[in-house]
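S.K.:
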Amino acid sequence: MAEGREFDTIVYGASGYTGRLVAEYLQKQYGNGSDVKWAIAGRSAEKLAAVRDEVGLPADTPIVVANSDDPASLKEMANRAGVIISTVGPYQLYGSEVVATCVETGTDYVDLCGEPLWMRNMIDAHSARAKETGARIVHSCGFDSIPSDLGVFKLQNEAKARFGSAAPRVKGRVRSMNGSFSGGTAASFKATMVAVQEDPTLVQKMFDPFVLAGSFRGPEQPPGMEAELDPALDMWVGPFVMAAINTKNVHRSNALLDGAYGENFVYDEMMVTGPGEAGKAAAESLGEMNAAIGTTDLKPGDGPSKEEREAGDYDILFIGENGDGKDIRLGVTGDRDPGYGSTSKMLAEAALCIAKDCSDVDGGVWTPASAMGDKLIARLVANAGLTFDLEN
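Counted from 1, the sequence shown has number -5 at position 10 by our numbering; the numbering is strictly sequential.
Pasting the structure below:
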């Protein structure tokens, strides 16, 4: 855990699409009179200065030049920060040296990664050393996978209070999601597909719900790949594109929390499409729509407009079933488009949470729920436009 650093956090990749949104949020929320000290970083001082001016950051906003191809520059950056916010993806192409540098310098780190195979590599490579240096590494601090990870975390705590034990079966059901994805998301998807094509043995890991959970293994999980009628809602549901990463993070949280959700915990995520034949047809079409992400012409740096981000939102229902006909329901909502407007706020708040609120958390490779839990939920509700509300 880094102490006495020049900055609370540095936004690495601030000239990119998501990085500049994080910088904008930090300025809006913490830029005037707050005690948060932060800087922007990237490969080019000129590009960073242009972003600073374009998004209306103060002229004296600190600029740090760092490049993943230059280990010395990464080390210098990491030594100046309490926590690095990394928005430079695909992480499997550009992120490994940043994580390694943070681990060696005892610097905390957060990202918005949705690349489970790379995350598995980071866990294997750095868990032991991070425990020694005190670096807290927290992947997936955006829409992948904070609403899911913290939604299940809060639901299970409520289930214990109401029923005396965690719910053995939890369903994540996306009731609405309004927003588009950026070129960075498409690039990460494509990079993962290329890696799998080059090494077919990775296919098994991609479909393993416990690939991030270490030696922890639970029961067989629902595949979530086909349309089905959900009796809990009496509506049709279909494949949800983010389920492949979110479910893995939720199971890792269960492992890191010493099986707090139970050894027989079953979890899946699907998109609600509605009742009747129309709902069934929409659910059956979701698989083809999800596959289209890999064929987009968007490039890294492209993404939804300000108006599109502000018009977006999302609503996810988590249903915990205890096996005797009773359930508990928790809704999680966000007030901006999920991938970028809301993600940028979640990522910034996660960085400040791990830096300022989590002195009791040891070094290691964590999930948002296992490292920050209720502390991050409180920040997100207070500052970032999220809600976590019981519905029954």
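Beta carbons are placed, not taken as given, at the ideal position from N, Cα and C, and that holds for glycine.
#1: What did DSSP end up calling A26 once you bin it into helix, strand or coil?
#2: When burial is assigned at 16 or more other CB atoms within 10 Å of the CB, is K291 buried or exposed?
#3: Check for me: the beta strand (DSSP E) holding Y252 runs from which residue to which?
#4: Can you give me the start and stop residues for the beta strand (DSSP E) that S71 sits inside?
#5: Quick check: what's the CA-CA separation for D134 versus R37?
#6: If you measure between the beta carbons of E306 and R158, is that distance less than 8 Å?
#7: In chain order, which continuous runs of the alpha helix (DSSP H) of length 4 or greater are located wholly inside the region 289 to 316?
#8: Below 8 Å between beta carbons: does that hold for P101 and I230?
#9: For a quick check, are the C-beta atoms of G(-2) and G(-11) less than 8 Å apart?
#10: Say whether the region 326 to 339 touches the region 48 to 61, bearing in mind that this needs 3 or more beta-carbon pairs closer than 8 Å, one atom from each stretch.
#11: Is the beta carbon of Y252 sitting closer than 8 Å to the one on M162?
#12: Could you check where the alpha helix (DSSP H) with R147 kicks off and where it finishes?
#13: For the alpha helix (DSSP H) holding N52, just list the boundary residues, first then last.
#14: How many whole angstroms separate the CB atoms of V222 and E213, which I take to be in contact at a CB cut-off of 8 Å?
#15: Distance, Cα to Cα, A120 vs E262?
#16: Should N249 be labelled buried (16 or more other beta-carbon atoms within 10 Å of its own) or exposed?
#17: M357: beta carbon under 7 Å from a heavy atom of the ligand GDP?
#18: Of all the options A356, Q77, G310, Q141, which has the alpha carbon lying nearest to the alpha carbon of A335?
#19: Taking DSSP as the reference, what is the three-state secondary structure of T(-6)?
#20: T318 and T372: beta carbons closer than 8 Å?
#21: Under 8 Å, with one C-beta from each stretch per pair, do the region 28 to 35 and the region 74 to 87 reach the 3-pair mark?
#22: Among residues of its own chain, excluding the 5 on either side of A63, which ones have a beta-carbon nearer than 7 Å to its beta-carbon?
#23: Could you check where the beta strand (DSSP E) with V222 kicks off and where it finishes?
#24: Measuring only the C-alpha atoms, how far is C98 from D129?
#25: How is T86 classed by DSSP in three states: helix, strand or coil?
#26: Quick check on the DSSP output: the beta strand (DSSP E) that includes S327 runs from which residue to which?
#27: Can you find the residues in the same chain that come closer than 7 Å, C-beta to C-beta, to L302, ignoring five residues on each side of it along the sequence?
#28: Looking only at its own chain, which residues have a Cβ that is under 6 Å from the Cβ of R114, when we skip the five neighbours before and after it?
#29: Determine, using beta carbons only, whether G67 and F(-8) come nearer to each other than 8 Å.
#30: When the distance is taken between beta carbons, is R202 closer than 8 Å to T352?
#31: Using the C-alpha atoms, what's the distance from A217 back to K13?
#32: Can you tell me which of the three DSSP states G119 falls into?
#33: Could you spell out where the alpha helix (DSSP H) holding D93 opens and where it closes?
#34: Could you check what DSSP says for E262 in three-state terms: helix, strand or coil?
#35: Please confirm whether L6 has its beta-carbon closer than 8 Å to some beta-carbon of chain C.
#36: Closest by CA to Q141, which one among I304, D184, F195, N52?
M.R.: So, from the listed chains and residues:
#1: Counting from 1 along the sequence shown, the entry for residue 26 is found at position 41. Strand, per DSSP.
#2: Here residue 291 is taken as the residue at index 306 of the sequence shown, counted from 1. Answer is exposed; the Cβ neighbour count stays below 16.
#3: In the sequence shown, counting from the first residue as 1, residue 252 sits at position 267. 251 to 259 is the extent of the beta strand (DSSP E) around Y252.
#4: Position 86 of the sequence shown, counting from 1, holds the residue named residue 71. Element bounds for S71: 66 to 71.
#5: By one-based count along the sequence shown, residue 134 stands at place 149. By one-based count along the sequence shown, residue 37 stands at place 52. Going from the Cα of D134 to the Cα of R37 covers about 33 Å.
#6: On the sequence shown, residue 306 is found 321 positions in, with the first residue counted as 1. On the sequence shown, residue 158 is found 173 positions in, with the first residue counted as 1. No, the Cβ-Cβ distance between E306 and R158 is not below 8 Å.
#7: 291 to 296
#8: Residue mapping note: residue 101 aligns to position 116 of the sequence shown, counting from 1. Residue mapping note: residue 230 aligns to position 245 of the sequence shown, counting from 1. Yes, these two residues count as a Cβ contact at 8 Å.
#9: The sequence position of residue -2 within the sequence shown is 13, counting from 1. The sequence position of residue -11 within the sequence shown is 4, counting from 1. No, the pair does not count as a contact, with Cβ atoms beyond the cut-off.
#10: no
#11: Within the sequence shown, the letter at position 267 stands for residue 252. Within the sequence shown, the letter at position 177 stands for residue 162. No, these two residues do not count as a Cβ contact at 8 Å.
#12: Locating residue 147 in the sequence shown gives position 162, where the first residue counts as 1. Unbroken alpha helix (DSSP H) run through R147: 131 to 148.
#13: As a working mapping, residue 52 is identified with position 67 in the sequence shown. That residue, N52, is in no alpha helix (DSSP H); it is neither H nor E in DSSP.
#14: Here residue 222 refers to the residue found at position 237 when the sequence shown is read from its first residue. Here residue 213 refers to the residue found at position 228 when the sequence shown is read from its first residue. Correct: roughly 6 Å between the Cβ atoms.
#15: In the sequence shown, the residue the question calls residue 120 occupies position 135. In the sequence shown, the residue the question calls residue 262 occupies position 277. Roughly 52 Å separates the two Cα atoms.
#16: Residue 249 sits at position 264 when you count from the first residue of the sequence shown. By the neighbour-count rule (16 or more Cβ atoms within 10 Å), N249 is not buried but exposed.
#17: The ligand content of the structure shown is nil, which means the ligand GDP is not present either.
#18: Numbered from its first residue, the sequence shown carries residue 335 at position 350. Looking at the Cα atoms, A356 is the closest of the given residues.
#19: Locating residue -6 in the sequence shown gives position 9, where the first residue counts as 1. In the structure shown, T(-6) sits in a strand (DSSP, three-state: E or B).
#20: Within the sequence shown, residue 318 is the residue found at index 333, counting from 1. Within the sequence shown, residue 372 is the residue found at index 387, counting from 1. Yes, Cβ-Cβ distance for T318 and T372 is below 8 Å.
#21: no
#22: Taking the sequence shown and counting its residues from 1, the one referred to as residue 63 is at position 78. Same-chain partners within the cutoff: I69, T86, C87, T90, T92.
#23: Residue numbering aside, residue 222 sits at position 237 when the sequence shown is read from its first letter. V222 -> beta strand (DSSP E) spans 220 to 224.
#24: Position 113 of the sequence shown, counted from the first residue, corresponds to residue 98. Position 144 of the sequence shown, counted from the first residue, corresponds to residue 129. Roughly 7 Å between the two C-alpha positions.
#25: Here the question's residue 86 lines up with position 101 in the sequence shown. It is helical.
#26: Here residue 327 is taken as the residue at index 342 of the sequence shown, counted from 1. No beta strand (DSSP E) contains S327, which DSSP labels as neither H nor E.
#27: The residue given as residue 302 occupies position 317 in the sequence shown. Answer for L302: R158, R160, R314, G316, listed in chain order.
#28: As a first step, residue 114 must be located in the sequence shown, where it is residue number 129. Counting only Cβ-Cβ distances below 6 Å, and skipping sequence neighbours, we find V88.
#29: As a position in the sequence shown, residue 67 is number 82, starting the count at 1. As a position in the sequence shown, residue -8 is number 7, starting the count at 1. Yes; because the gap between Cβ atoms is below 8 Å, this pair is in contact.
#30: Here residue 352 refers to the residue found at position 367 when the sequence shown is read from its first residue. Here residue 202 refers to the residue found at position 217 when the sequence shown is read from its first residue. With respect to R202, T352 sits apart: the two C-beta atoms are not nearer than 8 Å.
#31: Residue mapping note: residue 13 aligns to position 28 of the sequence shown, counting from 1. Residue mapping note: residue 217 aligns to position 232 of the sequence shown, counting from 1. Roughly 41 Å separates the two Cα atoms.
#32: For the purposes of this step, residue 119 is identified with residue 134 of the sequence shown, where counting begins at 1. Here G119 sits in coil by DSSP.
#33: Your numbering for residue 93 matches position 108 in the sequence shown. D93 -> not in any alpha helix (DSSP H); beta strand (DSSP E) instead, spanning 93 to 96.
#34: Within the sequence shown, residue 262 is the residue found at index 277, counting from 1. E262: helix per DSSP, three-state reduction.
#35: The structure shown has no chain C; it contains just one protein chain.
#36: Position 156 of the sequence shown holds residue 141. Comparing Cα positions, the closest option is I304.
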